Amino acid sequence: MKTFQTMSSLYAPTLKEDPADADLASHRLLLRAGMIRKTAAGLYSYLPLAWRSLEKIEAIIRDEMDTHGAQEVLLPIITPAELWEESGRLDAYGPELMRLSDRHDRDFVLGPTHEETMTDLVRGELRSYKQLPVNLYQIQQKYRDELRPRFGLMRGREFIMKDAYSFDADVEGMKRTFDEMYDAYSGVCDRCGIKALPVAADSGQIGGSSSIEFMALAEAGEASLVFCPDCGYAADEEAATVLISVEDGPETHNDELECVDTPGAHTIAELAALFSVSEAACRKAVALMDGEGRPVVCILPGDHELNEVKASHAFGDYRLMDDDELAQYGLHKGCMGPVGLPEGVACVCDISLKGSLSWLVGANKPECHFLGARPGRDFEPDSWEDLASAKASDACPVCGKPLDAARGIEMGQIFQLGDKYSRSMGATFLDAQGKEQYFQMGCYGIGVTRTLAAVVEQCHDDAGIVWPVSVAPFEVEVVALDTADDLVWPAAQRVADQFVAEGVQVLLDDRKERPGVKFNDADLLGLPYQVVLGKKAVAKGMCEVKDRATGERREVAIDDVAAEVGSAVIARRR
RNA sequence: CGGGUUGUGGCUCAGCUUGGUAGAGCGCUGCGUUCGGGACGCAGAAGUCGCUGGUUCGAAUCCAGUCAACCCGACCA
Numbered sequence: 005m006k007t008f009q010t011m012s013s014l015y016a017p018t019l020k021e022d023p024a025d026a027d028l029a030s031h032r033l034l035l036r037a038g039m040i041r042k043t044a045a046g047l048y049s050y051l052p053l054a055w056r057s058l059e060k061i062e063a064i065i066r067d068e069m070d071t072h073g074a075q076e077v078l079l080p081i082i083t084p085a086e087l088w089e090e091s092g093r094l095d096a097y098g099p100e101l102m103r104l105s106d107r108h109d110r111d112f113v114l115g116p117t118h119e120e121t122m123t124d125l126v127r128g129e130l131r132s133y134k135q136l137p138v139n140l141y142q143i144q145q146k147y148r149d150e151l152r153p154r155f156g157l158m159r160g161r162e163f164i165m166k167d168a169y170s171f172d173a174d175v176e177g178m179k180r181t182f183d184e185m186y187d188a189y190s191g192v193c194d195r196c197g198i199k200a201l202p203v204a205a206d207s208g209q210i211g212g213s214s215s216i217e218f219m220a221l222a223e224a225g226e227a228s229l230v231f232c233p234d235c236g237y238a239a240d241e242e243a244a245t246v247l248i249s250v251e252d253g254p255e256t257h258n259d260e261l262e263c264v265d266t267p268g269a270h271t272i273a274e275l276a277a278l279f280s281v282s283e284a285a286c287r288k289a290v291a292l293m294d295g296e297g298r299p300v301v302c303i304l305p306g307d308h309e310l311n312e313v314k315a316s317h318a319f320g321d322y323r324l325m326d327d328d329e330l331a332q333y334g335l336h337k338g339c340m341g342p343v344g345l346p347e348g349v350a351c352v353c354d355i356s357l358k359g360s361l362s363w364l365v366g367a368n369k370p371e372c373h374f375l376g377a378r379p380g381r382d383f384e385p386d387s388w389e390d391l392a393s394a395k396a397s398d399a400c401p402v403c404g405k406p407l408d409a410a411r412g413i414e415m416g417q418i419f420q421l422g423d424k425y426s427r428s429m430g431a432t433f434l435d436a437q438g439k440e441q442y443f444q445m446g447c448y449g450i451g452v453t454r455t456l457a458a459v460v461e462q463c464h465d466d467a468g469i470v471w472p473v474s475v476a477p478f479e480v481e482v483v484a485l486d487t488a489d490d491l492v493w494p495a496a497q498r499v500a501d502q503f504v505a506e507g508v509q510v511l512l513d514d515r516k517e518r519p520g521v522k523f524n525d526a527d528l529l530g531l532p533y534q535v536v537l538g539k540k541a542v543a544k545g546m547c548e549v550k551d552r553a554t555g556e557r558r559e560v561a562i563d564d565v566a567a568e569v570g571s572a573v574i575a576r577r578r
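Using the numbering used here, the first residue of the first sequence is number 5, and each one after it goes up by one.
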């Protein structure tokens, strides 16, 4: 028979004080509420309360995936290294991969993601276009040997992920599946009570043509994004292609190139101050070695940074020059520019600068800058590329209005992969004409444990967590204030039983603790409703109901409370 | 991997500068008084001072090495 959980027997050791090594609200509160414990850096144990919430998140994900045409499977976590060699990712993923070998010295990888394994599973089995599309997903632990695990569940070396892989006959089919997954992911965010924004994203290591990230908006988020309040355009800062408004530098006599001594002006801020112009009127130069080991100087609007993702698209596996290399190529830190670059050093300018005809730039000799430098006359860029990081105040590429900036937690990402993996791993089927074709694939990930962290990050106050009903570990906490009282204690048990009968998940605080301890723990655990039974109220046949989110309290008759609060709970489930 | 910081009962920390054999608060156990927002009294249990080596009559404290964790930067669900 179903019964209620008592606090006295629940394994949820709460902490009165903040743990020393937790800064983020989600990390701190999940530890304090006795939901998680750290086993080692980036490795967490999920205690009963956390596991209940995780299972609810998983149930929501399963429901959305199933209703949008996907099927659940479960693949091994340990995958043979050969599969990774085949796709070429053994080296590309590099030190991020957790590796191990068996007693025969065969190499294995703890899966960080499963494109290879899933493609291997279906190749040879799916042979005809008539069998397509197929979309398979699983929920399991993933392993990434992060450079720096941090923020509790936000970035672990082990985490729970839902990952799905779709196989379509053509690009149109792939796009249809992608749109289905977009809807599923929107549903997951919504039902978990998360305020999320889908943003255009870079495909990164996974690869493919088009990608969207689902960002849970939070100041503590690791990702920066820009969005247009007017038309709805939104993008990860890494991927945003925005319109940057560029200012010309100061005018010179007869519009000619003019060299000016600028002692002490080494930063853009100093340069702008010296000439009393905005930073946007200056030009920033960044020297790097491209993937082939060739020296490149990039020229950017003075008020923008080099975007590392865009730079790696343009220059491959590049890195910034160190001081020795700058000296070796005759470049001067703080005074670099496109005019008079040493022989062999390429010049690449940000696309936004095209059209500006008077540049304030470094002169490539110490303590000097040029005014009025004009592309085409004073120098010729080797190429124009999109290199600058987006920021608020840049203009929306769709409607031209100013963008806003925000921070987010990347809780999910969906990719159109095309034939990247099916081609490298030789996964084909026969089309209606009997011709061999590569699968058009997509892949779709949600960080389940990260979603839990994102919920807490968005839903908490000074006293503790404020769970949305849909993912709360329990829905109602019954607080028996005086367990020794011969009216209160039976009443509390009866109320808890009635909640069970209503189909509501209830936690009964039956501990022999003082009221203050129980109230504080109840707020810390943050279940949506608290039903408090105290001596005075119970004597009148009443109890107190507190809504954790609003803090609102009201008296309700003991006989009615389970039905009344129960129906409120059920209405708020999603 | 670079920069910064920290390792002392379960938790939060003091002690280290100036070596002398380990402390507080919370938590835990027992008894009593309390009982609607983290009570109080009394009595207890609990620590190889991260690890290894060195200096010294003597090291938590000084020196060297090493390991681990955390924070800031380069990766990602």
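By construction, the Cβ of each residue, glycine as well, lies at the ideal position given by its N, Cα and C atoms. Because the structure is a prediction, the values reported are computed rather than measured.
With a Cβ-Cβ cutoff of 8 angstroms, do residue i and residue j count as a contact?
| i | j | result |
| --- | --- | --- |
| Met122 | Leu79 | yes |
| Gln444 | Gly430 | no |
| Met415 | Phe218 | yes |
| Thr10 | Leu512 | yes |
| Cys403 | Cys286 | no |
| Val542 | Ala495 | yes |
| Asp386 | Val343 | no |
| Cys372 | Asp265 | yes |
| Gly446 | Phe419 | yes |
| Leu1 | Phe171 | Nothing about residue 1 can be reported from this structure: the residues present for the chain run from 5 to 578 only. |
| Met178 | His72 | no |
| Ser57 | Leu456 | yes |
What are the partner residues of residue i, as DSSP defines its beta bridges?
| i | result |
| --- | --- |
| Leu101 | Answer is none; Leu101 lacks a bridge partner. |
| Met293 | Pro299 and Arg323 |
| Lys288 | Leu304 |
| Leu51 | Per DSSP, none; premise fails for Leu51. |
| Phe155 | Answer is none; Phe155 lacks a bridge partner. |
| Gly412 | Leu221 and Ala227 |
Among residues of its own chain, excluding the 5 on either side of residue i, which ones have a beta-carbon nearer than 6 angstroms to its beta-carbon?
| i | result |
| --- | --- |
| Glu162 | Leu47, Gln145 and Tyr147 |
| Asp489 | Lys539 |
| Arg515 | Met11 and Ser12 |
| Val521 | none |
| Lys2 | As displayed, the chain neither begins before 5 nor continues past 578, which places residue 2 out of reach and without an answer. |
| Ser213 | Gln420 and Gly422 |
Output the distance between the C-alpha atoms of residue i and residue j, rounded to the nearest integer angstrom.
| i | j | result |
| --- | --- | --- |
| Phe279 | Asp354 | 23 angstroms |
| Val492 | Asp25 | 40 angstroms |
| Asn258 | Arg154 | 57 angstroms |
| Val482 | Gly197 | 23 angstroms |
| Arg159 | Ala29 | 14 angstroms |
| Glu120 | Glu62 | 23 angstroms |
| Ile164 | Ala238 | 27 angstroms |
| Ala567 | Ala505 | 9 angstroms |
| Gln437 | Leu35 | 59 angstroms |
| Gly253 | Gly297 | 32 angstroms |
| Pro379 | Ser397 | 26 angstroms |
| Ala277 | Tyr333 | 29 angstroms |
| Gly92 | Phe319 | 20 angstroms |
| Leu310 | Gly338 | 15 angstroms |
| Glu384 | Pro406 | 31 angstroms |
| Leu157 | Pro23 | 15 angstroms |
| Tyr97 | Ser316 | 15 angstroms |
For residue i, which residues from the same chain have a beta carbon less than 8 angstroms from its beta carbon, with the 5 sequence-adjacent residues on both sides left out?
| i | result |
| --- | --- |
| Tyr141 | Met69, Ala74, Gln75, Glu76, Val77, Lys166, Asp167, Ala168, Tyr169 and Tyr448 |
| Met102 | Val113, Leu114, Pro116, Tyr147, Arg148, Asp149 and Arg161 |
| Leu501 | A small correction: the amino acid at residue 501 is Asp; Leu does not occupy that position in the sequence shown. Correct list, in chain order: Thr7 and Phe8. |
| Met546 | Glu559, Val560, Ala561 and Ile562 |
| Leu14 | Pro52, Leu53 and Leu511 |
| Arg131 | Phe433 and Leu434 |
Enumerate in chain order the residues of its own chain whose CB-to-CB distance from residue i is below 7 angstroms, with the five nearest sequence positions on each side excluded.
| i | result |
| --- | --- |
| Trp471 | Cys463, Gly530, Leu531 and Pro532 |
| Val473 | Glu479, Pro532, Val573, Arg576 and Arg577 |
| Ala205 | Ser215, Ile216, Glu217, Asp240, Ala243 and Gln417 |
| Leu33 | Val460, His464, Gly468 and Ile469 |
| Gly348 | Pro299 |
Since residue i and residue j are thought to touch, with beta carbons under 8 angstroms apart, how far apart are those beta carbons, to the nearest angstrom?
| i | j | result |
| --- | --- | --- |
| Ser362 | Glu274 | At roughly 20 angstroms, the Cβ-Cβ gap does not stay under 8 angstroms, so Ser362 and Glu274 are not in contact. |
| Gly341 | Gly366 | 4 angstroms |
| Glu461 | Ala200 | Actually they do not touch by this definition, with Cβ atoms about 12 angstroms apart. |
| Ile469 | Ala37 | 6 angstroms |
| Leu391 | Cys263 | Not quite, the Cβ-Cβ distance comes to about 26 angstroms (not below 8 angstroms), so this is no contact. |
| Leu324 | Leu292 | 5 angstroms |
Examine the ligand NAP and report whether any of its heavy atoms sits within less than 7 angstroms of the Cβ of residue i.
| i | result |
| --- | --- |
| Arg180 | With respect to small molecules bound, the structure shown includes none, and the ligand NAP cannot be examined in it. |
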